[in-house]
Structure formats: structure tokens, C-alpha cells
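Chains as they are written, first to last, in the numbering used here: chain A, 16 to 448; chain B, 13 to 155.
Virtual Cβ for every residue (Gly too), placed ideally from N, Cα, C.
The structure appears right after this line, and notes come after that.
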Amino acid sequence: MIYNEKFECMSLEELKNVQSERLKKTVSYVYQYCPFYQKKFASHGISPKDIKTIDDIVKLPFTVKDDLRDNYPFGVLSMPLAQIAEIHVSSGTTGNPTVVGYSKEDIELWSEVMARAFCCAGGLPGDMVQVAYGYGLFTGGLGAHYGALKAGMTVIPCSSGQTKRQLKIMQDFKPRILACTPSYSLFMADEAKEIGMDCKKSSWEIGVFGAEPWSDSMRKEIESIWNLSATDIYGLSEIIGPGVAQECTHKDGLHLFSDVFYPEVINPKTGKEAKEGETGMLVLTHLTKTGMPLLRYQTRDIIKITHEKCRCGRTSPRISKILGRTDDMIIVRGINVFPSQIEEVLLRIEGTEPHYQLVVERPHGGLDELEVQVELKESFFSDEVKQLQHLSDKIRDEIESVLGIGVKVRLVEPKTIARSEGKAKRVIDKRNI
Amino acid sequence: MKITQISVFLENKKGRLFEATKALGDAGVDIKALTIAENEDFGVLRMVVDKPQDALAAFKKNGFVASLTDIVAVEVDDTPGGLARILAVFNKNDLNVEYMYAFVEKTADKAIVVFRFDDPDKAIVILTKNNVKIVGKKEIQTL
């Protein structure tokens with residue numbers, strides 16, 4: 016079902032007019048209310064009157080993640096804090112996390128795009144949705160929740176974890192839709208087999224899986240285990256959380272809701288527009304947000320885009336799965352992890368060298384595991400294992416409190432982590448994605 | 013009366029213990045006693061050797077992390093109850109043992125056991141007072 020046929024199937028010409036009008040409005044709005052953008056506009060010598068159509072968007076300066084960090088916590092808001100309805104937080108590269116403030120209207124927008132996403136995946140009003148994304152500062156849980164409500168669905172707010180209970184709820188309540196990370200769906204399958212459950216008989220017919228990278232082969236595996244249709248959803252908290260783009264039942268690219276989030280694909284080195292079908296960095300502009308609208312936000316996600324109309328009837332552009340990143344961020348169990356966050360922790364702890372490596376693995380049918388290998392500092396070496404164990408536990412606790420996910424820490428001998436010339440290779444991703 | 017132990021950090025990976033012992037062999041260092049303490053990911057090889065400074069240099073040269081620690085070597089009757097009699101002294105005097113291990117070689121009917129205490133000096137005073145024979149550096153070297 017197409018949730019908002021007017022906007023999702025609008026002719027390209029009409030869509031362009033809507034985008035132009037909305038961009039003009041947003042640019043004037045941030046120019047009036049956001050000191051951060053007032054300064055940015057001034058330093059680039061542009062003003063709202065330079066923006067007449069959506070094509071003028073290239074005249075606007077980019078916004079980057081560091082802008083959010085430098086203006087932590089509320090410096091990029093376009094409205095007084097008292098009018099902000101909800102705040103979400105995701106990882107920052109170093110120091111401060113990334114903070115996003117949503118106005119009441121933004122929550123409404125989020126509900127709308129997530130309602131579109133559920134329907135795009137094949138959902139219908141009246142369906143029951145089991146939300147097994149984490150609820151909290153992470154946008155996954157609440158975003159799915161709002162969207163399901165908006166679409167007239169019944170929500171089971173399971174959050175992540177307590178897998179046996181999730182399975183019992185599925186068997187007893189018979190939800191049609193499952194929303195969680197793809198790896199959690201495999202993890203649940205393992206638990207299900209352990210308790211002798213026949214996964215093929217599950218009530219789930221549709222999976223809305225996202226918040227971490229996954230491949231088509233993983234899709235096939237999930238679909239065959241659970242006997243459901245597994246669709247991919249894309250989002251990032253800076254833009255809205257989940258609900259930026261979603262696959263339809265044809266699974267031929269993710270429909271990006273471009274009447275509200277305007278996409279550009281640029282060459283990350285030159286900043287110039289990439290040609291249709293060429294890979295590049297996805298850049299997104301809010302066209303209707305009011306709490307914290309961002310202009311030309313560099314997502315650092317590498318994708319391809321197509322503007323061809325889809326067989327489903329939607330006219331929105333479609334993006335590929337994430338093909339890579341322009342930075343060294345990795346996503347582990349739905350959480351963004353920047354190697355720089357680990358480095359910061361290690362510099363605070365006596366007894367370690369800031370030489371480290373992250374190894375990510377996806378055990379078969381399990382959740383991603385992150386191992387942090389840290390070189391032991393010579394002067395800290397002790398003949399007592401318990402001292403070393405204490406050090407390794409301390410590193411683990413500190414990293415876990417910064418990242419918010421469990422990690423394994425392994426102390427290694429000094430000078431054993433490869434020093435590469437120039438930029439050190441911090442991440443070894445052994446996941447088959 | 014304290015003797016020097018050398019400890020070396022070993023990652024739990026293939027060939028590492030071999031490489032450590034080879035480094036000592038190449039440097040002409042003789043191992044007198046050894047033990048390994050380990051967890052899942054790493055181990056600490058602790059040894060009493062004839063030339064601890066040479067051993068330390070050899071480890072550093074070969075890229076190992078190593079350190080020296082003061083420990084106390086004690087002569088124990090090699091008869092049933094011999095070790096228990098020594099430990100009774102520790103017990104009575106609240107001497108806390110971090111860890112201990114035994115020498116392979118022995119003198120006549122005596123075994124040698126090394127102990128790591130929090131405070132080795134205090135331990136030596138107590139042991140001497142209780143007529144426990146402490147084995148010195150020289151004796152170790154000639155074993």
C-alpha cells in the first residue's frame with residue numbers, strides 16, 4: 016500500500032516545485048532563527064534571496080558532523096529549547112555525542128515517513144508490528160513506534176533483548192511485521208531453534224530491517240529461515256532516524272522520501288555532483304523540519320541513486336544499499352562506532368598505548384562482536400595476571416560506557432599491531448557484508 | 013636474600029612460548045624454575061634464571077614485554093607435610109602469598125619453592141625468625 020500517494024507518486028515536475036518551495040522556506044527559516052546558519056551563510060556570502068529553485072541548492076554550504084559536535088549540545092537548533100519536544104543522541108566522532116532536537120512537527124514528520132516506510136514494505140493499517148529495535152536515545156525503537164501508530168497499526172514495543180519473551184509474544188500475538196536489526200533476526204532464529212520452535216511457521220510476513228549494513232545473501236538467509244519478506248530501511252539520527260528511505264516489495268533500491276529529505280550525491284573528494292548511477296556520498300537537506308533543519312548534510316554514506324520511476328508507482332528516487340563510508344565509522348549491533356572514540360578512552364587510561372585495532376565479526380546466526388585489541392604499555396606490565404585482568408576490565412568498562420554496547424578487550428604485546436604508513440588501519444571488518 | 017624473578021607477557025598465540033624460551037637460550041640464560049599463569053587471552057610466564065639482567069635484555073631485544081620482581085625462595089623438606097609446615101608459618105603470621113611455584117632441581121632431600129609476597133622484606137624477617145631456610149642468589153646460580 017502507498018501511504019501518501021499524493022507525495023509518493025507525484026509527477027517529477029510537481030515534486031520539483033514542491034521541493035523548490037520547501038527549500039526556499041527552510042532556507043529563510045534557518046536564516047531567521049538559527050545563529051549557526053546565519054554565520055555560515057555570512058561566511059559563504061549568500062543569503063536566502065539567492066535560492067529560487069531546488070537547483071540553487073548547490074550554492075548552499077555543506078553541513079558536516081563536526082558542525083554538530085562544535086555546537087554541542089544545542090547550537091544548531093532553529094528554535095528555543097523550550098519548544099523542542101524530544102531529544103535523541105547518537106555517537107560523535109570524539110568527545111561529545113551528536114544531539115538532535117525534534118519539534119512537535121518533526122515528530123509528526125517522523126511518524127509520517129515511518130508510516131510510509133511500513134506501508135512501502137508491504138504493511139497495512141490494522142497490522143500488528145513487533146518493534147524489536149532498542150527504545151531510548153537510539154532512534155530505532157521510537158521511530159518505528161511512531162510510524163506504526165501513525166499508519167494505524169498495533170504496536171508491540173518489545174525493544175531489543177529478552178529474546179525468549181519476544182518469541183513467545185510472536186507465537187501468542189501473531190504480529191505480521193517485525194522491525195529490528197537484520198542480525199537480531201538471525202540471533203532470534205538461533206534462540207528459536209534452541210527451544211525447538213519451527214521458524215518457518217512464524218507469524219511474521221514482513222521484516223523491516225535496518226540500522227546496520229547487510230547483504231543480499233543475508234536477506235536470502237533471513238527470508239528462508241523465517242519465511243518472510245525482508246526489506247531494508249535507511250536512516251540516520253541527524254536527519255530523522257529510521258524513515259529516510261525504505262525498500263518497497265520489489266526490493267530494487269530504497270525509496271528516499273525526497274519531498275521532505277532532498278538527496279544529492281557528490282564526489283566526496285571534490286564536493287561536485289556525481290552523475291546518475293555513479294557512486295558518491297549521500298548529502299541530505301531537510302525541506303520541512305523545524306527543530307533542527309540541516310542543509311546539505313554530509314552523511315558520509317556512499318551510495319548510488321536512480322531517479323527512474325519504480326514499478327510500484329512511487330516516483331521518489333531510489334538509493335542503493337550503503338556501499339561504504341567516507342570515514343572509518345562502523346556500525347555494530349545498530350550502534351555507530353568511531354575508532355576515535357576508542358582512542359579517546361585509551362588516552363585516558365594509564366597502562367595502554369594508543370595503538371589499537373577493532374575487529375568486528377559476525378558469528379554465524381549471531382550478533383556482531385566487537386573486539387578491541389590494545390597494546391600493553393611496557394611500564395605497566397605486571398607479573399600478576401590479576402593486575403593485567405583489572406586493566407583489561409577497566410578498558411572494557413570505559414569503552415562500553417562510551418559506546419553503549421558490549422565489547423571484548425584483548426591486551427596484546429607492544430608493537431604487534433601493524434603500523435601502516437600515514438593513516439593507521441584501525442578496523443578489521445570480518446563480517447561478510 | 014631476595015631473588016629476582018623475570019616475568020614476560022605472552023599473547024595467547026601460536027609459537028609465542030617457543031619464541032620466548034628461544035630468546036633466552038640464544039642469550040645463554042639457564043632457566044631454573046618456571047610457571048605460567050594465564051587467562052583466556054594472554055599468559056604471564058614467570059621464571060627464575062641464572063642471569064636475570066641478561067634475560068631482561070634478551071627479551072627486550074626480541075620485542076617482549078618483561079619485568080623483574082623480587083621473590084623469596086625457601087627450602088622445603090621433600091617429605092610428606094613439608095610444604096604444609098612452611099605454609100603454617102605464613103598462616104600464623106598473616107603472610108599473604110600472591111603465588112608460588114617449585115623448582116625442578118633440588119638439593120639432596122630438600123625442595124625449593126619460591127613465593128611472591130606483597131612485602132618480601134617483611135616475609136624474610138618472619139621466615140628467618142621461624143628458622144625457615146631461605147635460598148639466596150648465589151645458591152640458585154649454582155643449582
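Residue i and residue j: beta carbons closer than 8 Å?
i	j	result
A/C24	A/R329	yes
A/I61	A/K40	no
A/R348	A/T196	yes
A/G258	A/A132	yes
B/E31	A/V427	no
A/G268	A/I248	no
A/S198	A/D383	yes
A/Y474	A/E253	With chain A covering 16 to 448 only, the question about residue 474 of chain A has no answer from this structure.
A/L181	A/A147	At residue 181 of chain A the sequence reads Gln, which differs from the Leu that was named. Yes, they are a contact pair.
A/R441	A/Q388	no
B/L139	B/I146	yes
A/S200	A/G222	yes
A/C214	A/W241	yes
A/I350	A/S106	yes
B/E11	B/K44	For residue 11 of chain B there is no data in the structure shown, the boundaries of chain B being 13 and 155.
A/I66	A/T300	no
A/K409	A/I364	yes
Nearest by alpha-carbon distance to residue i: which of the options is it?
i	options	result
B/K122	B/N108, B/M112, B/V86 and B/A49	B/V86
A/E291	A/T300, A/E279 and A/E386	A/E279
A/K479	A/V91, A/D70 and A/T169	Chain A is shown only over 16 to 448; residue 479 of chain A falls outside these bounds and no answer can be derived.
A/A194	A/Q186, A/I171, A/Q356 and A/K165	A/I171
A/R333	A/F276, A/E36 and A/A245	A/F276
A/R191	A/G211, A/C134 and A/A100	A/C134
B/S135	B/E50, B/F115 and B/L107	It should be pointed out that residue 135 of chain B corresponds to Ala in this sequence rather than to Ser. Considering only alpha carbons, the answer is B/L107.
B/E110	A/I414, A/Q404, A/V424 and A/D398	A/D398
A/R340	A/M168, A/E227, A/C173 and A/F56	A/E227
A/G355	A/P140, A/V417, A/L139 and A/Q313	The identity of residue 355 of chain A in the sequence shown is Ser, whereas the question assumes Gly. Looking at the Cα atoms, A/V417 is the closest of the given residues.
A/I346	A/E36, A/E20, A/K445 and A/G167	A/K445
A/F316	A/I281, A/K401, A/L96 and A/C327	The residue asked about is misnamed: residue 316 of chain A is Asp in this sequence, not Phe. Answer by Cα proximity: A/I281.
A/V360	A/T108, A/N86 and A/Y18	A/T108
A/A289	A/L310, A/A57, A/E262 and A/T321	A/T321
A/E15	A/Q404, A/I443 and A/M344	Because chain A spans 16 through 448 in this model, residue 15 of chain A falls outside it and cannot be assessed.
B/V20	B/K26, B/D42 and B/T81	B/T81
B/R128	B/L139, B/S79 and B/Y113	B/Y113
A/M16	A/S118, A/M296, A/L310 and A/H265	A/H265
A/G380	A/I410, A/Q313, A/E206 and A/R411	A/E206
A/N86	A/G110, A/E127, A/E101 and A/D71	A/G110
A/K31	A/D274, A/T154 and A/Y150	A/D274
A/S26	A/V422, A/S331 and A/V400	A/S331
A/K21	A/E127, A/R84 and A/K67	A/E127
A/T169	A/M143, A/F188, A/Y161 and A/Q177	A/M143
A/V33	A/L124, A/D82, A/E293 and A/T68	A/T68
A/M94	A/G151, A/L309, A/I72 and A/E365	A/L309
B/A120	B/A96, B/D89 and B/A49	B/D89
A/L14	A/P283, A/L243, A/S244 and A/I318	There is no way to answer for residue 14 of chain A, as the model of chain A reaches only from 16 to 448.
A/V400	B/T47, B/P132 and B/G40	B/T47
A/R411	A/D65, A/Q402, A/P429 and A/I357	A/I357
A/H59	A/F77, A/Y44 and A/Q47	A/F77
A/K208	A/K235, A/M233 and A/T178	A/T178
A/L230	A/G286, A/S335 and A/M296	The sequence as given places Ser at residue 230 of chain A; Leu does not occur at that position. Answer by Cα proximity: A/S335.
B/Q17	B/D42, B/N103 and B/V144	B/D42
Residues bridged to residue i by DSSP?
i	result
A/G339	A/I317
B/M13	None, per the DSSP bridge assignment.
A/L96	Answer is none; A/L96 lacks a bridge partner.
A/R441	None, per the DSSP bridge assignment.
B/V61	B/I43
A/T113	A/S105
A/P278	A/L299
A/M143	A/T169
A/L247	Reading the sequence as shown, one finds Asp at residue 247 of chain A and not Leu. DSSP, once it has assigned bridges, lists A/F224 as partnering A/D247.
A/I254	In the DSSP output, where bridge partners are listed per residue, A/I254 has none listed.
B/S19	B/R58 and B/S79
B/I48	B/L57
**Asked** Would the segment 368 to 375 of chain A and the segment 295 to 315 of chain A be scored as touching if the rule is three or more Cβ pairs under 8 Å?
**Response** Judged by Cβ distances under 8 Å, the segment 368 to 375 of chain A makes no contact with the segment 295 to 315 of chain A, as fewer than three pairs qualify.
**Asked** Which ranges would you report for the beta strand (DSSP E) in the segment 346 to 424 of chain A if only whole runs of at least 3 residues count?
**Response** Within the segment 346 to 424 of chain A, the complete beta strand (DSSP E) segments at least 3 residues long are 350 to 352, 367 to 376 and 384 to 391, listed from N- to C-terminus.
**Asked** Which runs of the alpha helix (DSSP H) spanning at least 4 residues fall entirely within the segment 167 to 204 of chain A, listed in chain order?
**Response** Counting whole runs of 4 or more residues, the segment 167 to 204 of chain A contains the alpha helix (DSSP H) stretches 178 to 188.
**Contiguous alpha helix (DSSP H) assignments of at least 4 residues, all confined to the segment 291 to 333 of chain A** = DSSP runs (the alpha helix (DSSP H)) wholly in the segment 291 to 333 of chain A: none.
**Message:** For the pair the segment 113 to 121 of chain A and the segment 133 to 147 of chain A, tell me if three or more CB-CB distances fall below 8 Å.
**Reply:** The segment 113 to 121 of chain A is not in contact with the segment 133 to 147 of chain A.
**Request:** Would you check if the segment 59 to 75 of chain B and the segment 30 to 39 of chain B touch, i.e. whether three or more CB-CB distances between them fall below 8 Å?
**Result:** At 8 Å Cβ cutoff, the stretches touch.
**Message:** With a threshold of 8 Å, are at least 3 pairs of Cβ atoms found where one atom belongs to the segment 151 to 160 of chain A and the other to the segment 93 to 106 of chain A?
**Reply:** Result yes; three or more Cβ-Cβ pairs closer than 8 Å.
**Prompt:** Which parts of the segment 70 to 125 of chain B are runs of the alpha helix (DSSP H), unbroken and 4 residues or longer, counting only runs that do not cross its ends?
**Reply:** Listed in chain order, they are 94 to 104.
**Prompt:** For the segment 30 to 93 of chain A, which segments carrying the alpha helix (DSSP H) assignment without a break, of at least 4 residues, lie completely within its bounds, in sequence order?
**Reply:** Complete alpha helix (DSSP H) runs here, min 4: 50 to 59 and 80 to 85.
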